[in-house]
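Undergrad: Just so you know, the sequences run in chain order B and Z. Numbering of the first sequence is given in the numbering used here, commencing with residue 109 and proceeding in unit increments. Numbering of the second sequence is given in the numbering used here, commencing with residue 165 and proceeding in unit increments. The beta carbon of each residue, even a glycine, is placed where N, CA and C say it ideally should be. Source: prediction; values computed, not measured.
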Amino acid sequence: MKRKVHNFCIAILIFFSSQLFAADGKLISTPGVTQVEGSAGGGLVPWAQLAGYASRDEYAANIFCSQGKVDDFRLRSCGAQLNLFDRVEFSLAQQWFQVDVLDTEIKQRIFGVKARLYGDLVYSQWPMLSLGMQYKHLQDTAVAKSLNADDTSGTDWYLAASKLHLGAIAGYNWFWNITARYTDANELGLLGFGGPGENASLQWEASTAIFFSREWAVGVEYRQKPDNLDLNEDDWADVFVAWNPNKSVSVTAAWLELGSIAGSSDQNGLYLSFTGYF
Amino acid sequence: MIRLMPIWMVILVLLSGCAHNQQQTLFDKLGGHDGLTNIVNGLIEQIGKDKQILHYFRDARVSRFREHLIDHFCAIADGPCQYTGDNMTDIHTGMKITEKDFNRLLDLLINAMDQQNIPHPVQNKLLARLAPLRTYIIYI
Chain B
109 MKRKVHNFCI AILIFFSSQL FAADGKLIST PGVTQVEGSA GGGLVPWAQL
159 AGYASRDEYA ANIFCSQGKV DDFRLRSCGA QLNLFDRVEF SLAQQWFQVD
209 VLDTEIKQRI FGVKARLYGD LVYSQWPMLS LGMQYKHLQD TAVAKSLNAD
259 DTSGTDWYLA ASKLHLGAIA GYNWFWNITA RYTDANELGL LGFGGPGENA
309 SLQWEASTAI FFSREWAVGV EYRQKPDNLD LNEDDWADVF VAWNPNKSVS
359 VTAAWLELGS IAGSSDQNGL YLSFTGYF
Chain Z
165 MIRLMPIWMV ILVLLSGCAH NQQQTLFDKL GGHDGLTNIV NGLIEQIGKD
215 KQILHYFRDA RVSRFREHLI DHFCAIADGP CQYTGDNMTD IHTGMKITEK
265 DFNRLLDLLI NAMDQQNIPH PVQNKLLARL APLRTYIIYI
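What follows is the structure, encoded as structure tokens:
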């Protein structure tokens, strides 16, 4: 069933992304791509940009599907975003987390809202600033409970600052982002929320990228993570390549270094993500 | 992350190697006066075919617009010119140019520079100098 849903999302995405009306008021590549929790961002980190090509006078809807496959786990995530007048972003994501050792799958649903507080990624003097929220609801709670997580749902709050500097590094455009997140989620919430170690805490996330052309960017991300379950949960990092051939579709590939997840160490692997913009 | 750092450092070092060219001005890199004339001609041609933003230019005299734009680009790119046209606010007041349409003009400018084979980093340098003008142009 989940595979069907996943394939269905990808099929719809590919079909529609080349067609139809599309908001196109931003410069190409500037909306960023979609992170695993459904917000506009990189792969792991939500950025200040709001999803899609909507400018202040437009709205935009996008759909995305992503897969990260590391040694002992696989995370699939599909969803949609709505950008209203480049002021507010709403997002919905469905995650399927496959745990090989337990031969089980954990599903989680995430509803996100992000509001642009200040600025523009390219034009404003100071970095663009956005405030976001991700409400996460675990649909399969057995694993979280067995690990002594406090809750099976939780809310992350984050403040993100981003800027694209035109021609900043040897004439190439340079992007950076810093996100501060207040969260009690264990491994994105897939292993529940809070635990014996700690409850909510402040975590830092950062990304940077260089655009080698209008369409191609190469970057890195870092995401600090809490360790509420006393399982030595590690920080996450990735190196990514993003391709925005036009204002209708983006493709991102990344190498993930996720460290230890639920006691399984050295979890590395590939990530692939598509977003279609309308 | 520690293991990823070397890759990143190598990219940065490679890039900084490209940074130190001759003492050319941006104006030179854009092809001097001829280069700018070609870019502006290409831009005007594209605007003429663009349904989205052509209407803003309905009352503009093309020859005057061409001349002033070449001068403006030349001056902004450290070339031997002086821009003698009106300031950005005066020109654009009442036009109510949107964010979307401003970006559209940049898209067309990028196309025009692509047509003239202006290297990507040189294009960015010009865009970086034009970007701060946006605040004097849109929504007025």
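Give the straight-line distance between the Cα atoms of Z:Asn281 and B:Val230, rounded to the nearest whole angstrom.
TA: 24 Å
Undergrad: Tell me whether the beta-carbon of B:Tyr63 lies closer than 8 Å to the beta-carbon of B:Lys355.
TA: This structure cannot settle anything about residue 63 of chain B, because the visible part of chain B is limited to 109 through 386.
Undergrad: If we ignore side chains and look at the alpha-carbon of each, how far apart do B:Ala168 and Z:Leu233 end up?
TA: Cα to Cα, B:Ala168 sits roughly 33 Å from Z:Leu233.
Undergrad: Alpha carbon to alpha carbon, how far is B:Glu295 from B:Val251? Give it in angstroms, no decimals.
TA: Answer to the nearest angstrom: the Cα atoms are 12 Å apart.
Undergrad: What residues in the segment 218-232 of chain Z have a beta carbon less than 8 Å from any beta carbon of chain B?
TA: none
Undergrad: Can you find the residues in the same chain that come closer than 8 Å, C-beta to C-beta, to B:Gly303, ignoring five residues on each side of it along the sequence?
TA: Leu255, Asn256, Ala257, Asp258, Asn294, Asn336, Leu337, Asp338
Undergrad: Count Cβ pairs between the segment 166-180 of chain B and the segment 260-270 of chain B that sit closer than 8 Å; are there 3 or more?
TA: no
Undergrad: Can you pull out the residues from the segment 249-264 of chain Z whose beta carbon lies closer than 9 Å to at least one beta carbon of chain B?
TA: Under the 9 Å Cβ criterion, the segment 249-264 of chain Z contributes Thr262, Glu263, Lys264.
Undergrad: Roughly how many angstroms separate the alpha carbons of B:Ser77 and B:Ile277, rounded to a whole number?
TA: Because chain B is modelled from 109 through 386, residue 77 of chain B falls outside the range shown and cannot be assessed.
Undergrad: Tell me whether Z:Ser227 sits in a helix, a strand or coil according to DSSP, three-state version.
TA: helix
Undergrad: For Z:His284, decide whether its Cβ has a neighbour in chain B, counting only Cβ atoms nearer than 8 Å.
TA: Z:His284 counts as touching chain B.
Undergrad: Would you kindly work out how many angstroms separate the C-alpha atoms of B:Trp282 and B:Ser315, rounded to a whole number?
TA: 11 Å
Undergrad: For a contact meaning CB atoms closer than 8 Å, what does Z:Ala295 contact in chain B?
TA: Val230, Tyr231, Leu274
Undergrad: Cutting at 6 Å between CB atoms, please list the residues of its own chain near B:Asn352, excluding the five before and the five after it.
TA: Short of 6 Å from the beta carbon of B:Asn352, and not among the five residues preceding or following it, lie these beta carbons of its own chain, in chain order: Ile136, Ser137, Glu323, Ser358.
Undergrad: Between B:Phe348, B:Ala370, B:Thr383, which lies nearest to B:Gly391 when the distance is taken from Cα to Cα?
TA: Outside the modelled stretch of chain B, which goes from 109 to 386, sits residue 391 of chain B, for which no answer is possible.
Undergrad: Measuring straight from C-alpha to C-alpha, what distance separates B:Lys244 and B:Thr212?
TA: 20 Å
Undergrad: Within 10 Å of its beta-carbon, does B:Tyr161 have 16 or more other beta-carbons around it, so buried, or fewer, so exposed?
TA: Counting C-beta atoms within 10 angstroms of its own C-beta, B:Tyr161 has 16 or more neighbours from the protein chains shown and is therefore classed as buried.
Undergrad: With burial defined as no fewer than 16 other Cβ atoms inside 10 Å of the residue's Cβ, what is the status of B:Val328: buried or exposed?
TA: By the Cβ neighbour-count rule, B:Val328 is buried, with 16 or more other Cβ atoms within 10 Å of its own.
Undergrad: When burial is assigned at 16 or more other CB atoms within 10 Å of the CB, is B:Gln127 buried or exposed?
TA: A caution first: B:Gln127 carries a pLDDT of 48, below 50, which makes its placement in the model too unreliable to give a value.
Undergrad: To the nearest angstrom, how far is it from the Cα of B:Gly150 to the Cα of B:Trp284?
TA: 11 Å
Undergrad: Thinking C-beta only, is B:Met236 closer than 8 Å to B:Gln143?
TA: no
Undergrad: Mapping the DSSP letters down to three states, classify Z:Phe191 as helix, strand or coil.
TA: helix
Undergrad: In the segment 273-354 of chain B, which residue ranges form an unbroken beta strand (DSSP E) of at least 3 residues, counting only runs that do not cross its ends?
TA: 280-291, 309-319, 324-331, 344-354
Undergrad: Shorter than 8 Å from the beta carbon of Z:Ala292 to some beta carbon of chain B?
TA: For Z:Ala292, at least one C-beta of chain B is nearer than 8 Å to its own C-beta.
Undergrad: So what's B:Cys173 in DSSP terms, helix, strand or just coil?
TA: strand
Undergrad: For my contact list, B:Phe205 and B:Leu183 are in at a C-beta cut-off of 8 Å; report their separation, rounded to the angstrom.
TA: 5 Å
Undergrad: In chain order, which continuous runs of the beta strand (DSSP E) of length 3 or greater are located wholly inside the segment 179-243 of chain B?
TA: 181-192, 196-207, 212-226
Undergrad: Using DSSP bridges, identify the partner residues of B:Glu166.
TA: For B:Glu166, which the question treats as bridged, DSSP gives no partner whatsoever.
Undergrad: Quick one: does Z:Asn267 have its CB under 8 Å from some CB of chain B?
TA: yes
Undergrad: Determine the DSSP secondary structure at Z:Thr299, reduced to helix, strand or coil.
TA: helix
Undergrad: Indicate the three-state DSSP secondary structure (helix, strand or coil) for Z:Phe221 in the structure shown.
TA: In this structure, Z:Phe221 counts as helix in the three-state DSSP scheme.
Undergrad: DSSP three-state label for B:Val359, please.
TA: strand
Undergrad: Mind checking B:Ser238: buried by the 16 CB within 10 Å criterion, or exposed?
TA: buried
Undergrad: Rounded to whole angstroms, what is the Cα-Cα separation between B:Gly176 and B:Leu364?
TA: 8 Å
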